[in-house]
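Heads up, the thing below is written out as structure tokens.
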Amino acid sequence: MSHGANDTAQKVALFRSYFSGLTNVYGTYDPGNGRSWQEKKPVTHETILAHLQGKRPYGVYLLVRDRTRAIAADFDDTNAHPPIEFINKAKHYRLPAYLETSKSKGFHVWVFFQEDGVKASKARLVAKSILDEIGYPDTEIFPKQDSLDGNASFGNFINTPLFGGLVPKKKTVFVDPNTLLPYPDQWGFLESIERASETILDEIIEINELSSSQIAPRQTTSVSTNDDWRRTGLPPCAQKILRDGVSRYQRVSCFRLAVHFKRLGIPYDIAIAALMTWSLKNRPPDGKRVIGEPEIISQASYAYDHSYAGFGCDSPAMEPFCDPSCSVRQRKSEMKTSSGVVKL
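Using my numbering, the first residue of the sequence shown is number 1272, and each one after it goes up by one.
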């Protein structure tokens, strides 16, 4: 940290500037047996200090009414590849994301927002879209709700980084996604974190058509024959995937096909049967296995249980199958040009 970095009050204030939410309740757990519970007590300076000193862990309830100052994806696996994929995809959208080792196994990926927060619904929508694109749609996201109401008066808490009892074990610390080594100065790292604006979320939502209710109405021209597939069948990319199979991104491709099947009104059981037949056409390289029935069911279930309006056009899985004449691709290019948004 800068001058005065060793001052305890400054560290607590810096920590609270990133990991804050409801102020009248917090979560905690027993480091010995892992049992967690809720504490209906004010979040005070002492609450955070006890966490940083390793005396009592602090879990934050991120959701305040319908806004949040951060969102986190909880990858409950020791495999670092999925969270790193998430970070790289977020970077592609100019959305800074940061990797933390969790208390037991796996990783948290954090995205932080402006200090007055953003609409939780937008943050969750974007996080879900990124998880869909990288093929891990069942990953847990915090906050888990878009807003607090009579059915969710508190929401769910997520354990915060830098619990003093685990930091020496290289747990609950921020790590470099390139090396998976902890940053040597965690406080200096916290100071360097970039906050994303709600404008960035709006741009991602609009370009990817993630939610029609959050996209401003656009003037449209007469529908060309190029758009007929949108009313009658699969887009060109999905047709190619279904016809020829894939060699890479089997899970993402399976999920995207399931989304289209649902849009067409195909019953779930028939979709599963079609995806099982499709999987036989896949040709994974280097002796890797073909996607199996449990994975197909998992991907299809998620597609059928949720609502998705996007087509995944910017996903690496879709790129080899993209048809330049596709009206969706053309419209997205026009949107990028008119809005001045360039994807890096």
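Glycine included, every Cβ here is placed at the ideal spot set by N, Cα and C.
CB-CB length for residue 1513 against residue 1549, believed under 8 Å: Sequence index remark: in the sequence shown, residue 1513 carries index 242 (1-based). Sequence index remark: in the sequence shown, residue 1549 carries index 278 (1-based). Confirmed, Cβ separation roughly 6 Å.
Reduced DSSP secondary structure (H/G/I, E/B, other) of residue 1309: For the purposes of this step, residue 1309 is taken as residue 38 along the sequence shown, with counting starting at 1. Of the three classes helix, strand and coil, the one that applies to residue 1309 here is strand, per DSSP.
Assigned secondary structure, residue 1470 (DSSP; H/G/I helix, E/B strand, else coil): Counting from 1 along the sequence shown, the entry for residue 1470 is found at position 199. It is helical.
Segments assigned alpha helix (DSSP H), at least 4 residues, entirely inside the stretch 1559 to 1600: 1564 to 1576
Bridge partner(s) assigned by DSSP for residue 1383: Taking the sequence shown and counting its residues from 1, one reaches residue 1383 at position 112. Partner(s): 1341.
Helix, strand or coil at residue 1513 [DSSP, three-state]: As a working mapping, residue 1513 is identified with position 242 in the sequence shown. Note: residue 1513 maps to helix in three-state DSSP.
Where residue 1523 falls: helix, strand or coil (DSSP): Here residue 1523 refers to the residue found at position 252 when the sequence shown is read from its first residue. Annotated three-state conformation of residue 1523 is helix, per DSSP.
Residues bridged to residue 1299 [DSSP beta-bridge criterion]: The residue you call residue 1299 lines up with position 28 of the sequence shown. Residue 1299 pairs with 1308.
Own chain partners of residue 1356 with C-beta closer than 6 Å, once the 5 adjacent residues on each side are dropped: Your numbering for residue 1356 matches position 85 in the sequence shown. Once the five neighbours on either side are set aside, the close Cβ partners of residue 1356 are 1405.
One or two residues paired with residue 1369 in a DSSP bridge: Counting from 1 along the sequence shown, the entry for residue 1369 is found at position 98. Note: residue 1369 sits in a beta bridge opposite 1381.
Chain-order list of residues whose beta-carbon lies under 8 Å from that of residue 1305 (same chain, five-residue window excluded): The count along the sequence shown starts at 1 and reaches residue 1305 at position 34. Excluding residues within five positions, the ones whose Cβ falls inside 8 Å are 1375.
Simplified DSSP state of residue 1359, which is helix, strand or coil: Here residue 1359 is taken as the residue at index 88 of the sequence shown, counted from 1. When secondary structure is reduced to three states using DSSP, residue 1359 falls in the helix class.
Inter-stretch contact (C-beta, 8 Å, three-pair minimum) for the stretch 1360 to 1370 and the stretch 1291 to 1310: no
Environment of residue 1558 [buried if 16+ CB atoms lie within 10 Å]: As a first step, residue 1558 is located in the sequence shown; it is residue number 287 there, counting from the start. Classification of residue 1558: exposed, given that the 10 Å Cβ count is below 16.
Cβ neighbours of residue 1382 in the same chain (closer than 8 Å, five flanking residues each side left out): For the purposes of this step, residue 1382 is taken as the residue at position 111 of the sequence shown. For residue 1382, where only same-chain residues beyond five positions count, the Cβ hits under 8 Å are 1341, 1342, 1343, 1361, 1366, 1367, 1368, 1369, 1394, 1398, 1467.
Beta-carbon spacing of residue 1391, residue 1337 below 8 Å: The sequence position of residue 1391 within the sequence shown is 120, counting from 1. The sequence position of residue 1337 within the sequence shown is 66, counting from 1. Yes, these two residues count as a Cβ contact at 8 Å.
Touch test, the stretch 1308 to 1320 against the stretch 1439 to 1455, Cβ-Cβ under 8 Å, three pairs minimum: As far as the Cβ criterion goes, the stretch 1308 to 1320 does not touch the stretch 1439 to 1455, which means the pair count is below three.
DSSP three-state assignment for residue 1257, whether helix, strand or coil: Nothing can be reported for residue 1257, as the shown portion of the chain is limited to 1272 through 1615.
Three-state secondary structure (DSSP) of residue 1628: Nothing about residue 1628 can be read from this structure; the chain reaches only from 1272 to 1615.
Chain-order list of residues whose beta-carbon lies under 6 Å from that of residue 1539 (same chain, five-residue window excluded): Locating residue 1539 in the sequence shown gives position 268, counting from the first residue. Non-local C-beta neighbours of residue 1539 in its own chain, meaning closer than 6 Å and more than five positions away in sequence, comprise 1575, ordered along the chain.
Nearest residue (CA-CA) to residue 1584, options 1509, 1547, 1551, 1517: Against the sequence shown, residue 1584 aligns to sequence position 313. Out of 1509, 1547, 1551, 1517, 1509 has the C-alpha closest to the C-alpha of residue 1584.
Straight-line Cα distance separating residue 1572 from residue 1420: Locating residue 1420 in the sequence shown gives position 149, counting from the first residue. Locating residue 1572 in the sequence shown gives position 301, counting from the first residue. The straight-line gap from Cα to Cα measures roughly 27 Å.
Host alpha helix (DSSP H) of residue 1404 (start-end): Walking along the sequence shown from the start, residue 1404 turns up at place 133. 1391 to 1405 is the extent of the alpha helix (DSSP H) around residue 1404.
Residue 1567 versus residue 1590 - alpha carbon distance: As a first step, residue 1567 is located in the sequence shown; it is residue number 296 there, counting from the start. As a first step, residue 1590 is located in the sequence shown; it is residue number 319 there, counting from the start. Cα to Cα, residue 1567 sits roughly 21 Å from residue 1590.
Cutoff 8 Å; reference residue 1288; Cβ partners in own chain excluding five residues on either side: If you number the sequence shown from 1, residue 1288 lands on position 17. Only 1386 meet the Cβ criterion.
Three-state secondary structure assigned by DSSP to residue 1412: For the purposes of this step, residue 1412 is taken as the residue at position 141 of the sequence shown. The DSSP-derived three-state label of residue 1412 is strand.
Span of the alpha helix (DSSP H) around residue 1285: Residue 1285 sits at position 14 when you count from the first residue of the sequence shown. First-last of the alpha helix (DSSP H) with residue 1285: 1279 to 1289.
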